[in-house]
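Structure, rendered in structure tokens:
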């Protein structure tokens with residue numbers, strides 16, 4: 001049974017008349033068609049006992065057909081009214097679609113209002129979000145192979161970036177060098193904006209690569225990811241330039257112990273909360289608990305943040321095929337920041353990382 005057929009079965013089991021899927025990532029996952037429609041309407045409609053159809057901007061129709069999509073696809077021109085056209089196609093299949101499922105986390109209020117206007121007697125209470133999250137939770141062998149390949153390119157990017165570090169160069173120049181090298185090898189897309197942060201700048205976990213110049217005797221945080229055939233990598237390493245002081249060296253040592261210990265412990269049956277606690281306890285015991293200010297990890301696959309969250313309170317048990325990050329961090333304002341991250345997939349007896357760049361303290365520049 002395909003993933004799309006699983007959605008169709010779920011629609012039937014829930015005694016729904018139609019599911020309206022509008023998240024472009026969900027549509028890519030279920031159909032193989034990848035597009036960012038921006039302000040235009042892109043939707044997949046699934047019925048319990050009839051073929052689904054795609055509704056898209058007319059300029060996307062041929063690209064959809066090229067993916068091998070075997071069901072109907074309807075295109076609309078910019079001057080046309082898309083929800084009138086969607087309603088007409090739905091009514092051909094069901095003249096009285098009372099119960100709908102939607103992706104509440106993605107469908108805008110305005111677009112829900114447009115659907116409600118077309119079907120004023122229908123109910124749009126059922127949320128597809130959790131069902132889709134769980135469908136994407138366990139990766140197939142094909143997905144894991146693509147994630148492995150994306151990880152190899154992240155390792156390439158680390159090597160290139162480390163070689164580009166020189167005192168006096170800026171964070172932006174280092175990021176530009178590694179991204180250019182990736183493009184030279186056909187990797188045209190990063191999974192998120194490359195993050196290079198030197199010195200105290202790395203104490204901002206969600207900072208941005210800047211024009212700051214690299215100085216000596218400091219740590220540099222690299223957080224980067226690549227895209228391979230729609231699947232991403234996401235990894236972090238922290239390296240040293242010059243001679244570190246005692247505090248810098250200590251927070252690196254503690255963060256590394258937390259990351260390695262958690263990664264070694266990840267296996268089926270352990271809960272997400274238990275895994276988070278393993279890393280957090282090490283950092284807390286060393287006196288840096290207040291500086292570990294985010295969850296241990298997040299799911300990943302087609303996007304860099306997916307289900308599940310590896311964090312306190314999440315009692316979900318890990319299962320083979322789950323993919324997520326293990327990324328403890330210590331961020332001391334005005335001093336330094338360290339994060340060490342691999343994304344892994346759970347195997348029958350443990351876990352395997354997608355990236356393999358050394359996590360031992362590396363000196364560059």
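Numbering (the UniProt record's numbering), first residue to last: 1 to 365.
Glycine residues also receive a C-beta, built at the ideal position from the N, C-alpha and C atoms.
Spatial neighbours of residue i within its chain, please: CB distance less than 6 Å, with the 5 preceding and 5 following residues excluded, ordered by chain position.
{"i": "residue 107", "result": "22"}
{"i": "residue 82", "result": "41 and 76"}
{"i": "residue 105", "result": "129"}
{"i": "residue 33", "result": "64 and 67"}
May I ask you to report which of helix, strand or coil DSSP gives residue i?
{"i": "residue 322", "result": "strand"}
{"i": "residue 349", "result": "coil"}
{"i": "residue 125", "result": "strand"}
{"i": "residue 317", "result": "strand"}
{"i": "residue 363", "result": "strand"}
{"i": "residue 293", "result": "coil"}
{"i": "residue 327", "result": "coil"}
{"i": "residue 231", "result": "strand"}
{"i": "residue 138", "result": "strand"}
{"i": "residue 368", "result": "Coverage of the chain is limited to positions 1 through 365, which leaves residue 368 absent and any answer about it impossible."}
{"i": "residue 355", "result": "coil"}
{"i": "residue 108", "result": "coil"}
{"i": "residue 271", "result": "strand"}
{"i": "residue 10", "result": "helix"}
{"i": "residue 279", "result": "helix"}
{"i": "residue 119", "result": "coil"}
{"i": "residue 92", "result": "helix"}
{"i": "residue 2", "result": "coil"}
{"i": "residue 285", "result": "helix"}
{"i": "residue 67", "result": "coil"}
{"i": "residue 82", "result": "helix"}
{"i": "residue 250", "result": "helix"}
If distances are taken between C-alpha atoms only, which option among the options comes closest to residue i?
{"i": "residue 140", "options": "29, 174 and 170", "result": "29"}
{"i": "residue 342", "options": "317, 40 and 266", "result": "266"}
{"i": "residue 337", "options": "61, 205 and 65", "result": "205"}
{"i": "residue 302", "options": "133, 195 and 251", "result": "133"}
{"i": "residue 211", "options": "276, 305, 174 and 245", "result": "174"}
{"i": "residue 348", "options": "268, 364, 322 and 282", "result": "268"}
{"i": "residue 300", "options": "288, 128, 345 and 271", "result": "345"}
{"i": "residue 49", "options": "56, 58, 72 and 93", "result": "93"}
{"i": "residue 19", "options": "226, 237, 60 and 87", "result": "87"}
{"i": "residue 58", "options": "80, 116 and 46", "result": "80"}
{"i": "residue 122", "options": "17, 294, 12 and 331", "result": "17"}
{"i": "residue 98", "options": "118, 110 and 105", "result": "118"}
{"i": "residue 370", "options": "60, 220, 313 and 114", "result": "Coverage of the chain is limited to positions 1 through 365, which leaves residue 370 absent and any answer about it impossible."}
{"i": "residue 154", "options": "353, 363 and 113", "result": "353"}
{"i": "residue 220", "options": "242, 187, 149 and 188", "result": "242"}
{"i": "residue 192", "options": "100, 166, 361 and 227", "result": "227"}
{"i": "residue 8", "options": "235, 45 and 38", "result": "45"}
{"i": "residue 148", "options": "361, 356, 365 and 362", "result": "356"}
{"i": "residue 101", "options": "26, 14 and 162", "result": "14"}
{"i": "residue 199", "options": "208, 217 and 190", "result": "217"}
{"i": "residue 231", "options": "124, 361, 143 and 31", "result": "143"}
{"i": "residue 138", "options": "233, 111 and 3", "result": "3"}
{"i": "residue 162", "options": "224, 307 and 304", "result": "224"}
{"i": "residue 187", "options": "96, 305, 208 and 233", "result": "233"}
{"i": "residue 313", "options": "334, 275, 126 and 115", "result": "275"}
{"i": "residue 271", "options": "244, 308, 285 and 245", "result": "308"}
{"i": "residue 78", "options": "72, 195 and 38", "result": "38"}
{"i": "residue 249", "options": "335, 169, 26 and 157", "result": "335"}
In the DSSP output, which residue or residues are listed as bridge partners for residue i?
{"i": "residue 332", "result": "336"}
{"i": "residue 57", "result": "76"}
{"i": "residue 298", "result": "309"}
{"i": "residue 44", "result": "21 and 54"}
{"i": "residue 237", "result": "222"}
{"i": "residue 342", "result": "326"}
Cutting at 7 Å between CB atoms, please list the residues of its own chain near residue i, excluding the five before and the five after it.
{"i": "residue 297", "result": "310, 324, 325, 326 and 327"}
{"i": "residue 229", "result": "146"}
{"i": "residue 256", "result": "340 and 359"}
{"i": "residue 74", "result": "53, 55, 85 and 89"}
{"i": "residue 320", "result": "268, 346, 347 and 348"}
{"i": "residue 131", "result": "10"}
{"i": "residue 278", "result": "261, 262 and 265"}
{"i": "residue 258", "result": "279, 282, 283 and 328"}
{"i": "residue 294", "result": "205 and 329"}
When every heavy atom of the ligand FMN is checked, does at least one fall within less than 7 Å of the C-beta of residue i?
{"i": "residue 140", "result": "For the ligand FMN, the structure offers nothing, since it holds no ligand at all."}
Short of 8 Å in beta carbon distance, which residues of its chain neighbour residue i, apart from the five on each side in sequence? Order them along the chain.
{"i": "residue 160", "result": "177, 178, 181 and 182"}
{"i": "residue 332", "result": "203, 247, 251, 288 and 291"}
{"i": "residue 260", "result": "359"}
{"i": "residue 1", "result": "9"}
{"i": "residue 165", "result": "174, 214, 220, 239, 241, 364 and 365"}
{"i": "residue 12", "result": "48 and 49"}
{"i": "residue 31", "result": "4, 44, 54, 64, 67 and 69"}
Open item on the list: For a minimum of 3 consecutive residues, which ranges assigned as the beta strand (DSSP E) are wholly contained in the segment 147 to 223?
Closed with: Segments of the beta strand (DSSP E) lying fully in the segment 147 to 223: 195 to 198.
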